[in-house]
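In my numbering, the protein residues as written are 75 to 368.
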Amino acid sequence: MKKTTLTLAVASLLSLAPVSMAQEQTQGWDVSNPQGEFKEIDISVNSGTWMNVDVSPDGDYIVFDLLGDIYRMPFGGGEAEKLIGGIAWHMQPVYSPNGRYIAFTSDQGGGDNIWVMDADGSNVRAVTEETFRLLNSPAWSPDSEFLVARKHYTASRSLGAGEVWMYHRSGGSGVQLTERPNDQKDLGEPAFSPDGKYIYFSQDDTPGKTFHYSKDSLEGIYTIKRFERESGEIETLISGAGGAIRPTPSPDGRYLAYIKREDFDSVLYLLDLKTGEHKRVYGKMERDMQETWA
Numbered sequence: 075m076k077k078t079t080l081t082l083a084v085a086s087l088l089s090l091a092p093v094s095m096a097q098e099q100t101q102g103w104d105v106s107n108p109q110g111e112f113k114e115i116d117i118s119v120n121s122g123t124w125m126n127v128d129v130s131p132d133g134d135y136i137v138f139d140l141l142g143d144i145y146r147m148p149f150g151g152g153e154a155e156k157l158i159g160g161i162a163w164h165m166q167p168v169y170s171p172n173g174r175y176i177a178f179t180s181d182q183g184g185g186d187n188i189w190v191m192d193a194d195g196s197n198v199r200a201v202t203e204e205t206f207r208l209l210n211s212p213a214w215s216p217d218s219e220f221l222v223a224r225k226h227y228t229a230s231r232s233l234g235a236g237e238v239w240m241y242h243r244s245g246g247s248g249v250q251l252t253e254r255p256n257d258q259k260d261l262g263e264p265a266f267s268p269d270g271k272y273i274y275f276s277q278d279d280t281p282g283k284t285f286h287y288s289k290d291s292l293e294g295i296y297t298i299k300r301f302e303r304e305s306g307e308i309e310t311l312i313s314g315a316g317g318a319i320r321p322t323p324s325p326d327g328r329y330l331a332y333i334k335r336e337d338f339d340s341v342l343y344l345l346d347l348k349t350g351e352h353k354r355v356y357g358k359m360e361r362d363m364q365e366t367w368a
């Protein structure tokens with residue numbers, strides 16, 4: 075990948091004087107238009123870590139996030155083109171199956187919500203408008219009409235739990251698909267099966283009703299489950315030693331890719347959904363963070 079130049083707006087320390095409550099009430103808070111004096115700093119990079127990556131259905135482009143901006147570049151390599159940037163944090167871009175749209179998570183409205191833009195970065199619009207129960211991890215339905223996402227809930231002494239909700243790409247209040255067992259056990263990473271019958275997700279299935287740091291990922295923290303849309307039934311597909319996260323169905327629906335922990339390594343596996351066979355694919359991945367949260 076060729077170098078990507080990032081332009082960051084940095085607030086001058088001299089401009090960070092406290093804003094009075096009266097000023098806040100009068101002016102409000104706009105993530106994309108914060109107060110203060112700014113200057114631009116150009117940073118050139120040719121690599122990134124913990125990037126979310128997706129490939130366009132026609133195989134022509136790769137879309138990815140880097141330091142809160144979203145880019146696309148030719149699948150065969152070349153110059154990266156910024157699709158959306160600015161002060162707001164944009165992440166988790168994913169192409170619609172028809173290739174016309176890119177869904178992503180952004181805090182440009184004041185908190186994390188699901189947004190959609192056309193595949194060329196134009197016509198950016200919000201799908202959800204939550205102000206407290208924030209959303210992330212968008213995934214498309216096979217017909218490119220709907221999105222599922224993780225809605226995040228918090229309570230006292232809680233880092234939060236998740237539920238899977240579905241929204242039409244044009245917006246609306248959404249439909250709840252799964253219910254959190256309590257406010258402590260996390261759930262996330264929803265993904266449609268290619269035939270639209272199921273939604274896969276990962277969930278903290280450790281015993282008890284409270285959240286704990288430093289759980290043993292080798293014994294297994296997360297399991298991968300499957301929600302059947304017609305019946306509403308949920309079944310556990312992958313569990314046990316090493317756990318299972320990041321469920322990703324293959325386009326033909328035959329396989330489910332997932333991540334498992336082996337010692338200190340995050341390892342890519344494939345589950346053959348017809349035979350039940352698990353195949354180890356690749357072992358030198360960036361470290362996941364199951365013990366610290368999700």
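We put the CB at the ideal spot given by N, CA and C, even for glycine.
Note that this is a predicted model, so its numbers are computed, not measured.
Query, Result
"P325, buried or exposed, once every other Cβ within 10 Å from all chains shown has been counted against 16", "exposed"
"Cβ neighbours of V198 in the same chain (closer than 6 Å, five flanking residues each side left out)", "M191"
"Y274 to G152 span [Cα, whole Å]", "34 Å"
"Simplified DSSP state of I161, which is helix, strand or coil", "coil"
"Chain-order list of residues whose beta-carbon lies under 7 Å from that of P171 (same chain, five-residue window excluded)", "P131, W214, P216, S218"
"Separation of N126 from F138, as counted between CA atoms", "5 Å"
"Sequence-distant residues of the same chain with beta carbon closer than 8 Å to D279, five excluded per side", "K259, G294, I295, Y296, T297, T310, S313"
"Counted within 10 angstroms of its Cβ, other Cβ atoms place G270 as buried (16 or more) or exposed", "exposed"
"Distance between L233 and D257 (C-alpha atoms, nearest Å)", "8 Å"
"Selected residue, minimal CA-CA separation from D337, among R361, L347, D346, H352", "R361"
"Per DSSP, the bridge partner or partners of A213", "V222"
"Selected residue, minimal CA-CA separation from E237, among S230, S244, T179, G248", "G248"
"Rounded straight-line distance, which links the Cα of F178 to that of P148", "19 Å"
"P255, buried or exposed, once every other Cβ within 10 Å from all chains shown has been counted against 16", "exposed"
"Residues near Q182 by beta carbon distance below 6 Å, same chain, minus five either side", "V105, S106, A162"
"Reduced DSSP category for T310 - H, G, I as helix; E, B as strand; rest coil", "strand"
"M363 to S121 span [Cα, whole Å]", "21 Å"
"R303: first and last residue of the uninterrupted beta strand (DSSP E) it sits in", "Note, R303: premise wrong, no beta strand (DSSP E); not H, not E."
"Top-ranked residue by Cα proximity to R320, from D134, V119, S196, S211", "S211"
"Residue from G262, Y241, Y145, M359 with nearest C-alpha to G159", "Y145"
"Local conformation of Y287 per DSSP, three classes", "coil"
"Residues that DSSP places opposite R335 in a beta bridge", "S340"
"V168, buried or exposed, once every other Cβ within 10 Å from all chains shown has been counted against 16", "buried"
"Those residues which DSSP pairs with M191 across a bridge", "I176"
"Enclosing beta strand (DSSP E) for P147 [first to last residue]", "Per the sequence shown, the amino acid found at residue 147 is Met instead of Pro. Taken as a continuous stretch (DSSP letters only), the beta strand (DSSP E) holding M147 covers 143-148."
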